[in-house]
Amino acid sequence: MVLAFVPGVLAQTTQGLIGGSVVDSLSGNPLPKARVEAFSPTTNLAQSALTEKSGFFVLPLLSPGTYQIRVEADGYQGLQIDRLELAVAATLTLPFR
């Protein structure tokens with residue numbers, strides 16, 4: 191029997207992700223190409239994504255911490271969450287209407 195140790199195989203990540211959907215609050219229809227941004231006031235870094243045709247988005251590889259989340263779509267009023275805590279290796283799902 192041969193045992194091998196590969197560095198990094200047992201390593202765990204501290205990064206998490208924020209995902210969810212953006213839909214019209216009246217019709218329930220998905221909003222494609224809406225811009226979703228996660229801004230960290232601690233690091234002054236932002237990450238953004240556009241929603242897919244189905245209205246879904248994913249912001250992966252986010253460090254744990256506090257984020258401001260902003261959603262904007264043409265023809266719609268923007269939405270913002272001022273203080274969202276992302277824990278170590280957490281996955282948060284946000285439904286925006």
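To get this note's numbering, take the position in the sequence shown, counting from 1, and add 190.
Where is the CB? At the ideal position from N, CA and C, for every residue including glycine.
In the same chain as S215, and ignoring 5 residues on each side of it, the C-beta atoms closer than 8 angstroms to its own belong to R287, in chain order. Per the DSSP secondary-structure output, S253 pairs with nothing in a beta bridge.
For Q270, the enclosing beta strand (DSSP E) starts and ends at 269-276. Taking C-alpha positions only, Q270 is separated from Y257 by approximately 11 angstroms. By the beta-carbon neighbour count (other beta carbons within 10 angstroms, threshold 16), G206 is buried.
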